[in-house]
Amino acid sequence: MAEIPILRFAPSPNGELHLGHALSALLAHGAADRLGGRFLLRLEDIDRDRCRPVYEAGILRDLAWLGLTWEQPVRRQSEHFDDYRAAAARLADMGLLFACSCSRAKIAAAVAEREAQGIIWPRDPDGAPLYPGTCRAVRADRAAIGRAEAGEVALRLDIARALATIPDSLSWSEHGEAFYRDAFDLSSRGARISADPAAWGDVVICRKGSPTSYHLAVVVDDALQGITHVTRGRDLYWATSVHRLLQVLLGLPAPAYAHHRLLTGPDGLKLAKSRRDLSLRALREAGHSPRDIRRMAGLPADR
């Protein structure tokens, strides 16, 4: 029997949805509908300081206004911390995590010191300097997960040690924009993209004040929800390298990926909550219709 496609839209309730979120949600929902698949909604609310019930209510209202429907129950990451603790514990048991007490200021100072010495310090795909390895010798056991939740330390993945446990090179199946076209064939294997987790350095697995980070939670959730095709914006394209590594380390299935175009503002930068770009609520209150939103996002208005 052919595999039923399972797709998801996974916003964070830390602000209002904007036009870029609408594009991502509409593309995923439309693909699930055309392919006879399932569409799930996940609320990525691990950041307990920034996520708010009012934003969650706004997300549900905006998506319903756009005409989207989704299966119940909605998965809220804050209700599944035990799943992430268990995954982090497995990585700790493998000797792949270390406890980092460095603040962002301390990391920035360490990098600045090296650059002052004329060292060209490597950057990750997002342009941030790689972690300098200050605490790499401080191995983390299972008990350290509790210290991370208490806000004492963050737990990082020793990227070199992790890669040494992987016998083969990593890659992922990428469908890109073709996935969202009417003629998409589910038998397509997509393009094989070589993954480069080392480009991200020692990524955070458990944030200070949390038993997880985005990278860990997203791969655990996708596996537990049976996601077959991850649809998301191009800004997360290279993060897939980290996700493929974690999937292999944890023995999780590898979904196919379809990264879509991003919407940008007049300044050429992608739309973002942090930049207070025009929200769907504001567009609705200004009199725009769901058809208008589709048109503004560059999608056919008759769907």
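Taken in order, the sequence shown gives residues 510 to 812; the numbers are from my numbering.
Think of the CB as a built atom: it goes at the ideal place given N, C-alpha and C, for glycine as much as any other residue.
The model shown is predicted, which means the values in this text are computed figures rather than measured ones.
Taking DSSP as the reference, what is the three-state secondary structure of residue i?
i	result
V713	strand
A763	coil
I702	strand
I513	coil
T721	coil
G546	coil
R804	helix
T737	coil
H527	strand
A539	Reading the sequence as shown, one finds Gly at residue 539 and not Ala. Helix, per DSSP.
H797	coil
L478	In the structure displayed, the chain extends from 510 to 812; residue 478 sits before or after that span and is not available.
S697	coil
S788	strand
Whole angstroms are fine: how far does the CA of residue j sit from the CA of residue i?
i	j	result
W516	A765	Sequence inspection shows Leu at residue 516; the Trp mentioned does not correspond to that position. Rounded to the nearest angstrom, the two C-alpha atoms are 10 Å apart.
A566	D558	17 Å
A652	E658	10 Å
M510	Y746	For M510, the predicted structure reports a pLDDT of 44, less than 50, and the residue's modelled location is therefore unreliable. A value from the coordinates is still provided. C-alpha separation (whole angstroms): 30 Å.
G718	I616	18 Å
A608	A669	16 Å
R584	I629	43 Å
A687	A537	13 Å
E794	P706	43 Å
S798	V563	22 Å
A708	A618	21 Å
E580	A767	21 Å
A748	D801	32 Å
D591	P720	8 Å
R632	D711	12 Å
S750	L577	30 Å
On a CA-only basis, which of the options is nearest residue i? Give me that one, please.
i	options	result
D635	R743, P775, L550	R743
H724	R753, I736, L733	R753
R716	R551, L664, A595	L664
D730	A541, R551, R543	R551
I736	F548, A531, N523	F548
V726	G627, I555, L544, F518	Inspection of the sequence shows that residue 726 is occupied by Ala rather than by Val. It is I555.
Is the beta carbon of residue i sitting closer than 8 Å to the one on residue j?
i	j	result
L535	A806	yes
D667	L758	no
E553	S521	yes
P514	G539	no
I568	L526	yes
P762	A781	no
E814	A704	This structure gives no information on residue 814, because the portion of the chain shown stretches from 510 to 812.
R543	D691	yes
I654	R599	no
A601	D677	no
V713	L755	no
Determine, for residue i, whether the minimum Cβ-Cβ distance to residues of chain C falls below 8 Å.
i	result
L535	Included in the structure is just one protein chain, with no chain C present.
Below 7 Å, is the gap between the Cβ of residue i and the nearest heavy atom of the ligand ATP?
i	result
L535	Looking at this structure, you won't find the ligand ATP or any other ligand, since it has none at all.
Could you tell me which uninterrupted beta strand (DSSP E) segments, each at least 3 residues in length, are contained entirely in the stretch 564 to 637, listed from first to last along the chain?
606 to 609
If we require 4 or more residues per run, which alpha helix (DSSP H) segments fall completely within the stretch 637 to 693?
652 to 658, 668 to 673
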